[in-house]
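Colleague: The sequence shown begins at 418 in the numbering used here and counts up one residue at a time.
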Amino acid sequence: MIHKLIIIGSGPAGYTAALYAARANLKPLMIDGGVGKGQEMLGAGGQLTITTEVENYPGFEHGIQGPELMRTMRKQVLRFGTEIVEDIVTKVDLSERPFKVWVGDDLYHARVIIVATGASAKWIGLPEERPVWEGGLGGAGISACATCDGFFFKGKEIGVVGGGDTAMEEAVYLTNHASKVYLIHRRDTLRASKIMQERAFKNPKIEFIWNAAVERVHDPADKRVSGVTLRDTVTGLARELPLQGLFVAIGHKPNTDLFTGQLNLDENGYLLTNHNVRTSRYGVFACGDVQDHEYRQAITAAGSGCMAAIQAERLLEAEGDTDILETPTHW
Ligand SMILES: Cc1cc2nc3c(=O)[nH]c(=O)nc-3n(C[C@H](O)[C@H](O)[C@H](O)COP(=O)(O)OP(=O)(O)OC[C@H]3O[C@@H](n4cnc5c(N)ncnc54)[C@H](O)[C@@H]3O)c2cc1C
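Next up, the structure:
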């Protein structure tokens, strides 16, 4: 059997693509990520399953819990007839159509594919971070998303870990909420661009702590952060820093290992797409965080999922009911 459309991933992007595709009668098959692979890759529902309050997804006046939002999206796509395989795609062959998608030994064929595999925040690797990505304790004081969680730290003293553009941007943004932001960096120079460095340097609420690695966070197990132990990377000395929140801003890893060598990626591994969410391969669209290193929000992921489904529908409509599937090199 050749499916018209296979959607890989079930975050806001994948579910929105499934909703539009199912309502357009494409009978999409979604492979949802199953139980995931822990920190490296989250399972069904994606990143919002590890957070608590989501206050910036329109339509919920008083906010909604991340896992509940994702459960609702799932019910909605099931209502319109999306078929869901609860597992992980292990291999794809996009060299010709119908495309081949493997889930272990099971092989599926599709005329069109929508990739919605998302991205994962990189963490420092401390045991105290585990509750954040294992147990949905996003509100416990450790976060990897300033736009999402900054609001919860009004008037508080917080730390941001990192030395690149993301860390500078998050730190500057967080000064809109926090009374003080400590920018904690392992080295004595930054990787961030000059302009972002200058913006951070001249912000009076930001204080840089150089040559410092976070060794312990006190104590997310109590569902709050009260401080961190820092280790000086030059002298080896430890010191305590009282804090009420910690933002880890050391980058994200897009879930694109499956597509290396088959689709064009940028230098950080994100899928390259054009304004119509087309990838470099005819018949393969991508949406959400897997192709967006800039906005990384549920609503932008959902928006691009809608675009991918509409584009998929147009492509299939234009082709009609044919067995001859072309794979032009340009589109
Ligand atoms: C702690 C936290 C809090 C956040 N809070 C907010 C917030 O308040 N508001 C907001 O707008 N945004 C928030 N975000 C960001 C938001 O979660 C993301 O922008 C959004 O989830 C991206 O959606 P997505 O569908 O692109 O990808 P994801 O949510 O990352 O979902 C990707 C999906 O792909 C699946 N997948 C990956 N690889 C495979 C594979 N090989 N086979 C099958 N499936 C696969 C995964 O299992 C998952 O289901 C937060 C993020 C985090 C980490």
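The beta carbon of each residue, even a glycine, is placed where N, CA and C say it ideally should be.
Is it the case that the CB of T650 approaches a heavy atom of ligand 1 more closely than 7 Å?
Modeller: The residue given as residue 650 occupies position 233 in the sequence shown. No.
Colleague: Taking a contact to mean a Cβ-Cβ separation below 8 Å, would you say K381 touches S512 in this structure?
Modeller: Examination of residue 381 is not possible in this model, given that the chain is present from 418 through 748 alone.
Colleague: Tell me the residue span of the alpha helix (DSSP H) that contains P745.
Modeller: On the sequence shown, residue 745 is found 328 positions in, with the first residue counted as 1. Neither: P745 is in no alpha helix (DSSP H) and is coded neither H nor E.
Colleague: Apart from the five residues on each side of it in sequence, which residues of its chain come closer than 6 Å, Cβ to Cβ, to L600?
Modeller: Counting from one through the sequence shown, the residue named residue 600 turns up at place 183. Around L600: V577, A588, I623, F625.
Colleague: Return the residue from the list V707, R488, A725 that minimises the CA-CA distance to L689.
Modeller: Start at 1 with the first residue of the sequence shown, and residue 689 comes out as number 272. Considering only alpha carbons, the answer is V707.
Colleague: Three-state secondary structure (DSSP) at E736?
Modeller: Numbered from 1 along the sequence shown, position 319 holds the residue referred to as residue 736. Of the three classes helix, strand and coil, the one that applies to E736 here is helix, per DSSP.
Colleague: Confirm, please, whether the CB-CB distance from I467 to V665 is below 8 Å.
Modeller: Indexing the sequence shown from 1 puts residue 665 at position 248. Indexing the sequence shown from 1 puts residue 467 at position 50. No, the Cβ-Cβ distance between V665 and I467 is not below 8 Å.
Colleague: Is any heavy atom in ligand 1 found nearer than 7 Å to the beta carbon of G576?
Modeller: For the purposes of this step, residue 576 is taken as residue 159 along the sequence shown, with counting starting at 1. Placement of the Cβ of G576 at a distance of 7 Å or more from every heavy atom of ligand 1 is found.
Colleague: Helix, strand or coil for L554 per DSSP?
Modeller: As a position in the sequence shown, residue 554 is number 137, starting the count at 1. Because the pLDDT of L554 is 43, which lies under 50, any placement of that residue in the model is unreliable, and the question is left without a value.
Colleague: Tell me the rounded alpha-carbon separation between L663 and N681.
Modeller: Position 246 of the sequence shown holds residue 663. Position 264 of the sequence shown holds residue 681. Approximately 34 Å, taken between the alpha carbons.
Colleague: Would you mind sorting R656 into buried or exposed? The rule is 16 or more other CB atoms within 10 Å of its CB.
Modeller: Position 239 of the sequence shown, counted from the start, is the residue given in the question as residue 656. When all chains shown are included, R656 counts as exposed.
Colleague: The beta strand (DSSP E) spanning A629 covers which residue range?
Modeller: Locating residue 629 in the sequence shown gives position 212, where the first residue counts as 1. Counting along the chain, the beta strand (DSSP E) containing A629 begins and ends at 629-635.
Colleague: Could you tell me which whole alpha helix (DSSP H) segments of length 4 or greater appear in the region 426-476?
Modeller: 429-440
Colleague: So, is P429 buried or exposed, given that buried needs 16 or more other C-beta atoms within 10 angstroms?
Modeller: On the sequence shown, residue 429 is found 12 positions in, with the first residue counted as 1. Buried is the label assigned to P429, since at least 16 other Cβ atoms lie within 10 Å of its Cβ.
Colleague: Which first and last residues belong to the alpha helix (DSSP H) in which T489 is found?
Modeller: Residue mapping note: residue 489 aligns to position 72 of the sequence shown, counting from 1. Where T489 is concerned, the enclosing alpha helix (DSSP H) starts and stops at 483-496.
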